[in-house]
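Undergrad: Got a structure here, written out as structure tokens. Questions coming.
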Amino acid sequence: SLISHNIISHNKANGYSAGGGGNGIYIREGEAEILYNVIHSNKEMENAYDSEGGGVLIYLSDTSINHNIISYNTAGKGGGIYGGDIIENNCIVNNYASGFGGGCIGTKSLKKNSFIYNQSKIGSAFYYCLGSHESNTIHLNYPIESFEGSTIATDKEFVLNDNNIYINNDQYVIDLLSNINVYASNN
2 SLISHNIISH NKANGYSAGG GGNGIYIREG EAEILYNVIH SNKEMENAYD SEGGGVLIYL
62 SDTSINHNII SYNTAGKGGG IYGGDIIENN CIVNNYASGF GGGCIGTKSL KKNSFIYNQS
122 KIGSAFYYCL GSHESNTIHL NYPIESFEGS TIATDKEFVL NDNNIYINND QYVIDLLSNI
182 NVYASNN
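The working numbering applies: residue 2 is where the sequence shown begins, and numbers increase by one.
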């Protein structure tokens, strides 16, 4: 499936099960390419802590998310994006998660994205994103309230190369939640 050249905004959902999620786009057990969309201002009905993917929720699917603007979405986990294989050339801005992953959570590859002004308790830019993360701009991401969070958080091994990481107001830029290896070369 191709989802392309749309404005997906101001949707409110209360769920695919107990938690809810995928307020803008929800893909389950399929293949999709999400390309050249504006996905903004999609919110949970009650901003449930266990809701997933305010803008986009990908579940058990082969999906690429490219050249989109993903902004002002809210969820408990993954304010902008929850899941996905290849996340590339997106502007992921001003998304909010009451728990983890303000910009995104649980993706496999992040390349050439801009993560700006995203907020969450832990992993304000991204959380638990496996694989290789290259050439992203990570700027001005914040923990919510007075929580001492991190910009990037994970408990799995990953590669972080050629990213521009600067002026993030979190306690830690990278929070390793267990004893893992991080291979990094960044600006």
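Beta carbons are placed, not taken as given, at the ideal position from N, Cα and C, and that holds for glycine.
#1: Out of Glu89, Glu53, Gly103 and Lys78, which has the shortest C-alpha to C-alpha gap to Ser72?
#2: In angstroms, rounded to a whole number, what distance separates the CA positions of Gly77 and Val57?
#3: With a cut-off of 8 Å on the beta carbons, I'd call Ile60 and Val94 a contact; round off their distance for me.
#4: Excluding five sequence neighbours on each side, which residues of the same chain lie with their C-beta closer than 6 Å to the C-beta of Ile87?
#5: Less than 6 Å between C-beta atoms, sequence neighbours within five positions excluded: which residues of the same chain meet that for Asn43?
#6: Here's the rule I'm using: 16 or more other beta-carbon atoms within 10 Å means buried, otherwise exposed. How should Glu30 be labelled?
#7: Taking the C-alpha atoms as reference points, what is the distance between His41 and Asn96?
#8: Taking 7 Å as the cut-off, is the CB of Asn69 close to at least one heavy atom of the ligand SAH?
#9: What residue range does the beta strand (DSSP E) around Glu53 cover?
#10: Taking the alpha-carbon positions, what's the Ile28 to Asn165 distance?
#11: Check Ile145 in the structure and name its three-state DSSP category.
#12: For Asn48, name the three-state secondary structure that DSSP assigns.
TA: Here's the rundown:
#1: Gly103
#2: 13 Å
#3: The amino acid at residue 60 is misidentified as Ile; the sequence shows Tyr. Rounded, the Cβ-Cβ distance is 24 Å, inconsistent with contact.
#4: Ser65 and Ser110
#5: Asn12, Asn24, Gly25, Gly55, Gly56 and Asn74
#6: exposed
#7: 9 Å
#8: Among the ligands in the structure shown, none appear at all, so the ligand SAH cannot be discussed.
#9: Segment: none, Glu53 is in no beta strand (DSSP E) and carries neither H nor E.
#10: 31 Å
#11: coil
#12: At Asn48 the pLDDT is 48, less than 50, meaning the model places this residue with poor confidence and gives no usable figure here.
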